[in-house]
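Residue 1 is where the sequence shown starts when you use our numbering, and the numbers rise one by one after that.
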Amino acid sequence: MTLSIDDIRAAAERLKGRIERTPCRHSKTLSEITGAEVWVKFENLQFTAAYKERGALNTLLQLSDNEAKRGVIAASAGNHSQGLAYHAARLGIPVTIVMPRNTPFVKVQQ
């Protein structure tokens, strides 16, 4: 799938006011280590502390009414499942998350 700048702008508009706008900061330490100018985006400020919320919410907001009523399912043991579950609950969309048996309890609980 090829994304255009218009696709990115549309996603940004859909997410506006629904997700944290996180800052980018220059990392002096990483820049010195790598010999390059390194900037870090602080996605840890999102509710689930991960950038995966953006894609999950963007997808949920594009579901038709019928699709939203049927709900969504995801197989993930990490940040994607947390972001999807959080935003689906906020939007009233049923969600099923399938996780491996050995998923750390803290991930299952969240």
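Note that CB positions come from ideal geometry on N, CA and C, so glycine has one too.
Sub-8 Å separation of residue i and residue j beta-carbons
| i | j | result |
| --- | --- | --- |
| Gln-46 | Glu-20 | yes |
| Arg-24 | Val-40 | Note on residue identity: the sequence assigns Cys, not Arg, to residue 24. A contact, by the Cβ cut-off of 8 Å. |
| Gly-116 | Pro-94 | The structure shown has nothing for residue 116, since the chain only spans 1 to 110. |
| Phe-42 | Thr-29 | no |
Distance between residue j and residue i (C-alpha atoms, nearest Å)
| i | j | result |
| --- | --- | --- |
| Leu-91 | Ser-4 | 27 Å |
| Ala-50 | Asn-44 | 5 Å |
Buried versus exposed call for residue i [16 or more other C-beta atoms within 10 Å across all chains shown]
| i | result |
| --- | --- |
| Thr-48 | buried |
| Gly-83 | buried |
Beta-carbon proximity list for residue i, same chain, < 6 Å, skipping 5 on both sides
| i | result |
| --- | --- |
| Gly-55 | none |
For residue i: DSSP bridge partner residues
| i | result |
| --- | --- |
| Arg-25 | Val-40 |
| Ile-73 | Thr-96 |
Cutoff 7 Å; reference residue i; Cβ partners in own chain excluding five residues on either side
| i | result |
| --- | --- |
| Leu-15 | Arg-54, Leu-57, Asn-58 |
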